[in-house]
Amino acid sequence: MALQKLKKEKTLEMRKRLIGESCRLFYADNPIKITRARGQFLYDENGKQYLDCISNVQHVGHCHPSITKAAAAQMELLNTNSRFLHDNIVMYADRLAATLPEKLCVFYFVNSGSEANDLALRLAQQYTQHEDVIVLDHAYHGHLMSLIDISPYKFRKLAGQKEWVHVAPLPDIYRGKYRENHPNPGEAYADEVKSLIGEVLGKGRKISAFFAESLPSVGGQIILPQGYSSRVAKYVHSAGGVFVADEVQTGFGRVGSHFWAFQLQGDDFCPDIVTMGKPMGNGHPLACVATTVEIAGAFTSNGVEYFNTFGGNPVSCAIGLAVLDVIEAEDLRGNALRVGAHLINLLKKLQMQHQVIGDVRGVGLFVGLELVTDREQRTPATQTAALVVKRLKEEDRICASTDGPWDNVVKFKPPLCFSIEDVDLVVQCIDRILTEAEYLIKLSCS
Numbered sequence: 004m005a006l007q008k009l010k011k012e013k014t015l016e017m018r019k020r021l022i023g024e025s026c027r028l029f030y031a032d033n034p035i036k037i038t039r040a041r042g043q044f045l046y047d048e049n050g051k052q053y054l055d056c057i058s059n060v061q062h063v064g065h066c067h068p069s070i071t072k073a074a075a076a077q078m079e080l081l082n083t084n085s086r087f088l089h090d091n092i093v094m095y096a097d098r099l100a101a102t103l104p105e106k107l108c109v110f111y112f113v114n115s116g117s118e119a120n121d122l123a124l125r126l127a128q129q130y131t132q133h134e135d136v137i138v139l140d141h142a143y144h145g146h147l148m149s150l151i152d153i154s155p156y157k158f159r160k161l162a163g164q165k166e167w168v169h170v171a172p173l174p175d176i177y178r179g180k181y182r183e184n185h186p187n188p189g190e191a192y193a194d195e196v197k198s199l200i201g202e203v204l205g206k207g208r209k210i211s212a213f214f215a216e217s218l219p220s221v222g223g224q225i226i227l228p229q230g231y232s233s234r235v236a237k238y239v240h241s242a243g244g245v246f247v248a249d250e251v252q253t254g255f256g257r258v259g260s261h262f263w264a265f266q267l268q269g270d271d272f273c274p275d276i277v278t279m280g281k282p283m284g285n286g287h288p289l290a291c292v293a294t295t296v297e298i299a300g301a302f303t304s305n306g307v308e309y310f311n312t313f314g315g316n317p318v319s320c321a322i323g324l325a326v327l328d329v330i331e332a333e334d335l336r337g338n339a340l341r342v343g344a345h346l347i348n349l350l351k352k353l354q355m356q357h358q359v360i361g362d363v364r365g366v367g368l369f370v371g372l373e374l375v376t377d378r379e380q381r382t383p384a385t386q387t388a389a390l391v392v393k394r395l396k397e398e399d400r401i402c403a404s405t406d407g408p409w410d411n412v413v414k415f416k417p418p419l420c421f422s423i424e425d426v427d428l429v430v431q432c433i434d435r436i437l438t439e440a441e442y443l444i445k446l447s448c449s
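Here the sequence shown stands for residues 4 to 449, numbered as in my numbering.
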């Protein structure tokens with residue numbers, strides 16, 4: 004029986020009635036009803052095409068034929084509990100291992116980034132036999148209770164900070180404590196973590212983990228300063244803890260030059276645990292934790308069996324393998340590098356024309372455009388950022404969104420098949436919107 008097609012108004016009415024109100028829609032005042040997608044394009048119920056700048060989950064492109072073919076073929080053959088022996092899970096783990104440093108060679112498959120981060124927290128605490136966690140300010144690691152506890156982005160709006168959670172400054176060289184003119188911001192921000200560890204130990208507490216996104220996303224598309232992670236890892240290891248790299252947003256070649264964003268920190272840095280999710284299944288729920296033999300052994304030694312009914316099932320792993328194949332066959336890392344560099348270059352040219360653009364930062368197809376009302380004070384231009392996103396959607400049928408503590412960073416994390424022509428269109432539209440906004444401001448002041 005075919006699914007019934009509803010009018011947009013009926014769909015919206017039913018959603019408001021049946022779905023929890025806190026599950027918010029993009030463009031809540033006038034949401035888009037998407038009925039199909041392909042590549043970097045979305046199509047509404049009337050067939051109108053929208054350019055997608057934000058669906059980093061559909062990593063290699065919406066409804067990629069190779070991915071859907073692999074899913075359908077495996078689903079027709081077998082899908083079952085991952086506790087049965089099957090080739091796909093070990094073949095997929097082997098392919099992932101080839102992309103990671105040698106010591107990250109044990110894998111646990113789960114269904115979401117939140118599950119992966121929750122398991123990483125368990126692994127760290129079991130291995131170290133310590134509880135306390137250091138996280139970055141404004142961080143978000145998932146929606147499970149354990150992860151709300153280590154996500155300042157969430158817990159500051161809820162019950163507050165737990166005594167075992169400690170918040171280090173976000174290494175933001177644009178508006179943080181140490182900025183772009185500092186001689187060594189990576190070292191300076193890492194030393195803030197060192198000081199924090201000293202405070203924690205001084206209270207008689209012990210560190211289990213430093214937990215951070217390799218490129219903080221909710222924090223405002225932040226690029227960590229060079230040398231930061233290796234120094235932090237040294238301090239954390241000295242305190243008996245482990246370094247957890249959250250790659251849920253940034254893994255699988257989004258940065259272009261490397262397969263994993265943590266690799267931007269140099270060959271001398273390797274996390275103890277890596278979590279991955281969103282892009283793994285190109286929209287299919289698939290996530291993973293990679294760790295060392297020693298940490299995995301400690302987890303096993305607690306005597307409690309770990310299993311995940313759906314994590315690593317044959318269909319999920321078939322999809323994961325197909326995603327890896329497409330990344331390689333279509334040179335999507337190379338595309339991310341070329342197209343991302345073009346986007347950053349054009350946005351920096353816009354920065355010279357528009358005072359409202361305070362900073363342009365990014366690597367590969369992970370890019371942030373930070374808007375300010377005053378370049379000297381770096382005052383967040385939250386309303387202007389919201390205006391840009393709204394007008395891009397309504398006038399140009401381009402889907403973008405904002406992030407950062409003040410929602411003043413227009414972010415770009417599109418599917419990796421994004422093109423040079425797509426970039427040219429987006430930047431042209433942003434230029435027009437900012438030009439018109441500046442003209443209206445001048446009129447109102449005259």
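Note that the Cβ used here is the ideal one computed from N, Cα and C, for glycine as well.
The secondary-structure analysis by DSSP pairs glutamate 216 across a beta bridge with Asp249. Under DSSP, alanine 171 shares a beta bridge with Leu139. Between tryptophan 263 and threonine 38, the C-beta spacing is not below 9 Å.
The Cβ atoms of arginine 381 and lysine 51 do not sit closer than 9 Å to each other. Glycine 189 and tyrosine 231 have their C-alpha atoms some 4 Å from each other.
The beta carbons of alanine 100 and cysteine 66 sit no closer together than 9 Å. Here glycine 343 carries a helix assignment [DSSP, helix/strand/coil]. With a cutoff of 9 Å on beta-carbon distance, threonine 312 and asparagine 84 are scored as near each other. Under the three-state reduction of DSSP output, phenylalanine 369 falls in the strand class. Comparing alpha-carbon positions, the option among Leu88, Val307, Gly367 lying closest to leucine 335 turns out to be Gly367. The continuous beta strand (DSSP E) containing arginine 39 extends over residues 37-41. The residue from Gly314, Thr295, Val326 with its alpha-carbon nearest to that of alanine 74 is Val326. Just measuring C-alpha positions, the residue of Ile433, Pro288, Ser260 sitting nearest glycine 365 is Ser260. Closest in alpha carbon position to proline 172, among Pro408, Glu297, Leu88, Leu419, is Pro408. In the structure shown, phenylalanine 255 adopts coil according to DSSP, grouped into three states.
Where glutamine 52 is concerned, the enclosing beta strand (DSSP E) starts and stops at 52-55. Valine 318 is not bridged by DSSP to any residue. Within the segment 271-295, there are no complete alpha helix (DSSP H) runs of at least 4 residues.
For serine 25, no alpha helix (DSSP H) run applies, since DSSP gives it neither H nor E. Counting only the Cα atoms, leucine 45 lies some 10 Å from isoleucine 35. When DSSP assignments are scanned along the segment 51-107, the uninterrupted stretches of beta strand (DSSP E) that are 3 or more residues long and fall wholly within it turn out to be 52-55.
Closest in alpha carbon position to alanine 339, among Arg257, Asn285, Leu349, Ile360, is Arg257. Contact between the segment 149-162 and the segment 116-125 is present, with at least three C-beta pairs closer than 8 Å. Under the 10 Å beta carbon count, valine 138 is surrounded by 16 or more other beta carbons and is classified as buried. Judged by pairs of C-beta atoms under 8 Å, the segment 158-170 does not touch the segment 232-241, as fewer than three such pairs exist.
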